[in-house]
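A.B. asks:
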Ligand code: 5CU
């Protein structure tokens with residue numbers, strides 16, 4: 012990509028280690044992996060919106076027919092191969108990646124299996140990072156369906172892994188969302204261990220929101236372009252309203268997809284709080300404003316594909332907002348459809364171009380203030396915030 016002498020860091024990049032793929036292959040409900048006649052790769056089926064097509068495809072397969080519509084997305088080697096991740100990094104001149112397990116993480120495991128599987132998956136990530144020492148760091152996965160004791164001991168375990176820089180978290184938390192008071196000890200433990208929470212969506216919005224034409228006609232566009240960002244926005248707003256940022260002031264979060272729609276809607280959230288009779292009478296208004304939280308406890312990734320969203324993200328993040336934004340790719344999701352997956356991905360070049368454009372078209376090699384900001388977003392901020400150095 013050519014970002015001068017500054018390091019390019021990808022903080023939003025996923026993998027499913029082979030052990031996780033095996034779990035998905037053994038499942039009968041989503042998330043799962045299935046093979047179908049007519050598709051050379053197995054299919055990864057994750058989203059609720061994919062269930063009707065999955066059911067039709069399973070029925071066709073049981074009749075010995077190739078399905079008309081193949082559900083999900085191809086599970087290519089990009090999802091589990093470390094060699095492929097390194098190839099992707101070379102192709103796009105990415106120096107360092109902070110990898111994380113992709114959605115839906117360990118959310119679907121039983122209470123008993125969650126702890127041991129989390130330990131083994133996190134050990135896998137740790138091994139990959141050690142093998143590529145200095146080029147890979149990771150956000151660990153937590154066994155959120157296990158007991159609080161097991162979750163806390165998992166946090167203590169990952170905090171001691173040399174390449175772990177935080178945890179990836181979905182919006183369901185322990186099953187009741189991120190404003191659940193039972194999560195407070197976990198948030199305190201993460202803050203005390205100085206582990207960043209990378210908040211990522213998976214569940215989207217209820218299928219009815221998309222209307223009857225969506226499944227057959229609109230592919231994954233509505234749940235991914237709109238459902239994911241709204242889910243993140245709602246989850247973090249619920250945390251804010253519950254006073255989590257007041258109660259755990261050292262908690263740091265990195266929000267996927269530039270915070271969903273949070274930068275755009277922060278003013279409206281403030282206004283609704285100011286005008287809310289219930290909050291006023293109960294005295295339960297959050298102490299910090301949402302703007303204060305955005306400029307002190309929240310970081311945003313730059314995975315929004317346009318300078319328009321990035322400018323909002325920078326502005327919402329306070330006077331030094333450009334230092335709170337970090338480049339990401341979302342690899343291996345969004346592969347190119349019309350060209351070779353071994354080559355350049357538009358999902359990467361679009362995000363890089365959007366960063367440059369957000370800072371007036373500055374090149375990262377420039378000694379101007381804008382050039383320095385581009386270098387920060389492309390990697391410098393991540394190196395500093397996540398301490399991406401080998402000790
Ligand atoms: O294509 C998709 O479904 C996804 C997904 O599930 N997770 C993600 O991070 N990006 C795209």
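Numbering (the numbering used here), first residue to last: 12 to 402. Yeah, the Cβ is synthetic: ideal placement off N, Cα and C, and Gly gets one too.
1) Would you say residue 23 and residue 113 are within 7 Å of each other, going by their C-beta atoms?
2) With a CB to CB cut of under 7 Å and the five nearest residues on each side skipped, what residues in its chain are close to residue 379?
3) Quick check: does the Cβ of residue 114 come within less than 6 Å of any heavy atom belonging to the ligand 5CU?
4) Tell me the DSSP secondary structure of residue 157 in three-state form.
5) If you run the structure through DSSP and keep just helix, strand and coil, what is residue 108?
6) With a Cβ-Cβ cutoff of 7 Å, do residue 274 and residue 202 count as a contact?
7) For the beta strand (DSSP E) that contains residue 175, what are its first and last residues?
8) Report the rounded CA-to-CA distance for residue 255 versus residue 190, giving the unit in angstroms.
9) Relative to the alpha-carbon of residue 356, which residue among 227, 178 and 89 has its alpha-carbon at the smallest distance?
10) Would you mind stating whether residue 106 and residue 19 have Cβ atoms separated by less than 7 Å?
11) Who are the near neighbours of residue 354 in its chain, counting only those whose CB is closer than 8 Å to its CB and skipping five residues on each side?
12) At a threshold of 6 Å, does residue 57 count as lining the ligand 5CU (C-beta to nearest heavy atom)?
13) Three-state secondary structure (DSSP) at residue 148?
14) Residues in the same chain with beta-carbon distance under 8 Å from residue 352, minus the five sequence neighbours each way, listed in chain order, please.
15) Nearer than 6 Å: is that true of the beta carbon of residue 344 relative to any heavy atom of the ligand 5CU?
16) Between the region 282 to 302 and the region 252 to 266, do at least 3 Cβ pairs fall closer than 8 Å?
17) Residue 150: which of 159, 131, 139 and 176 sits nearest, CA to CA?
18) Skipping 5 residues on each side, what residues in its chain have a beta carbon closer than 8 Å to that of residue 341?
19) What is the DSSP secondary structure of residue 312, counted as helix, strand or coil?
20) Ignoring anything shorter than 4 residues or poking outside the region 58 to 90, list the alpha helix (DSSP H) runs there in chain order.
21) Let me know the secondary structure DSSP gives residue 172 once reduced to three states.
22) Where residue 400 and residue 157 are concerned, what is the direct C-alpha to C-alpha distance, given to the nearest angstrom?
23) Relative to the C-alpha of residue 168, which candidate in 309, 253, 127 and 220 has its C-alpha closest?
24) Compare the Cα-Cα distances from residue 47 to each of 160, 79, 318 and 395 and report the closest residue.
25) Please report how far the alpha carbon of residue 385 lies from the alpha carbon of residue 337, in whole angstroms.
26) Which same chain residues end up closer than 7 Å to residue 179 when comparing Cβ atoms and leaving out the 5 residues on each side of it in sequence?
27) Using 7 Å as the threshold, is the C-beta distance between residue 339 and residue 118 below it?
28) Looking at chain B, is there any beta carbon in it that lies within less than 7 Å of the beta carbon of residue 225?
29) Please classify residue 193 as buried or exposed, where buried requires at least 16 neighbouring CB atoms within 10 angstroms.
C.D. replies: In this structure, then:
1) Sequence index remark: in the chain shown, residue 23 carries index 12 (1-based). Sequence index remark: in the chain shown, residue 113 carries index 102 (1-based). In this structure, residue 23 keeps its C-beta atom at 7 Å or more from the C-beta atom of residue 113.
2) Locating residue 379 in the chain shown gives position 368, counting from the first residue. Within the same chain, residue 379 has close Cβ partners 373.
3) Position 103 of the chain shown, counted from the start, is the residue given in the question as residue 114. True, at least one ligand heavy atom lies under 6 Å from that Cβ.
4) As a first step, residue 157 must be located in the chain shown, where it is residue number 146. Note: residue 157 maps to coil in three-state DSSP.
5) One-based indexing of the chain shown puts residue 108 at position 97. Reduced to three states, the DSSP call for residue 108 is strand.
6) Taking the chain shown and counting its residues from 1, the one referred to as residue 274 is at position 263. Taking the chain shown and counting its residues from 1, the one referred to as residue 202 is at position 191. With contacts defined as CB atoms closer than 7 Å, residue 274 and residue 202 fail to qualify as a contacting pair.
7) Residue mapping note: residue 175 aligns to position 164 of the chain shown, counting from 1. Element bounds for residue 175: 175 to 180.
8) Within the chain shown, the letter at position 244 stands for residue 255. Within the chain shown, the letter at position 179 stands for residue 190. So the two alpha carbons sit approximately 7 Å from each other.
9) Looking up residue 356 in the chain shown gives position 345. Of the listed residues, the one whose Cα sits closest to residue 356 is 89.
10) Looking up residue 106 in the chain shown gives position 95. Looking up residue 19 in the chain shown gives position 8. A contact, by the Cβ cut-off of 7 Å.
11) Indexing the chain shown from 1 puts residue 354 at position 343. The residues are 102 and 347.
12) Residue 57 sits at position 46 when you count from the first residue of the chain shown. Indeed, a heavy atom of the ligand 5CU lies less than 6 Å from the Cβ.
13) Counting from 1 along the chain shown, the entry for residue 148 is found at position 137. Correct three-state label for residue 148: strand.
14) Along the chain shown, one-based indexing puts residue 352 at 341. Within the same chain, residue 352 has close Cβ partners 87, 89 and 346.
15) Counted from its first residue, the chain shown places residue 344 at position 333. Yes, the beta carbon of residue 344 sits closer than 6 Å to at least one heavy atom of the ligand 5CU.
16) Taking a cut-off of 8 Å on C-beta distances, the region 282 to 302 touches the region 252 to 266, as three or more cross pairs fall below it.
17) Taking the first residue of the chain shown as position 1, residue 150 is located at position 139. The residue with the shortest Cα to Cα distance from residue 150 is 176.
18) Position 330 of the chain shown holds residue 341. These residues qualify, in order along the chain: 23, 24, 25, 314 and 358.
19) Taking the first residue of the chain shown as 1, we reach residue 312 at position 301. Strand, per DSSP.
20) 62 to 73
21) Residue mapping note: residue 172 aligns to position 161 of the chain shown, counting from 1. Residue state, collapsed to three classes: coil.
22) The sequence position of residue 400 within the chain shown is 389, counting from 1. The sequence position of residue 157 within the chain shown is 146, counting from 1. The alpha-carbon atoms of residue 400 and residue 157 are separated by roughly 32 Å.
23) Translated into the one-based positions of the chain shown, residue 168 becomes position 157. Here the closest residue by C-alpha is 127.
24) Sequence index remark: in the chain shown, residue 47 carries index 36 (1-based). Comparing Cα positions, the closest option is 79.
25) As a position in the chain shown, residue 385 is number 374, starting the count at 1. As a position in the chain shown, residue 337 is number 326, starting the count at 1. When rounded, the distance between both Cα atoms is 10 Å.
26) Position 168 of the chain shown, counting from 1, holds the residue named residue 179. Closer than 7 Å at the Cβ level, and outside the excluded window around residue 179, lie 111, 112, 116, 150, 152, 209 and 211.
27) Taking the first residue of the chain shown as position 1, residue 339 is located at position 328. Taking the first residue of the chain shown as position 1, residue 118 is located at position 107. Going by C-beta atoms, residue 339 is not nearer than 7 Å to residue 118.
28) No chain B appears in the structure shown, which is made up of a single protein chain.
29) Mapped onto the chain shown, residue 193 falls at position 182. The residue is exposed, with fewer than 16 neighbouring Cβ atoms inside 10 Å.
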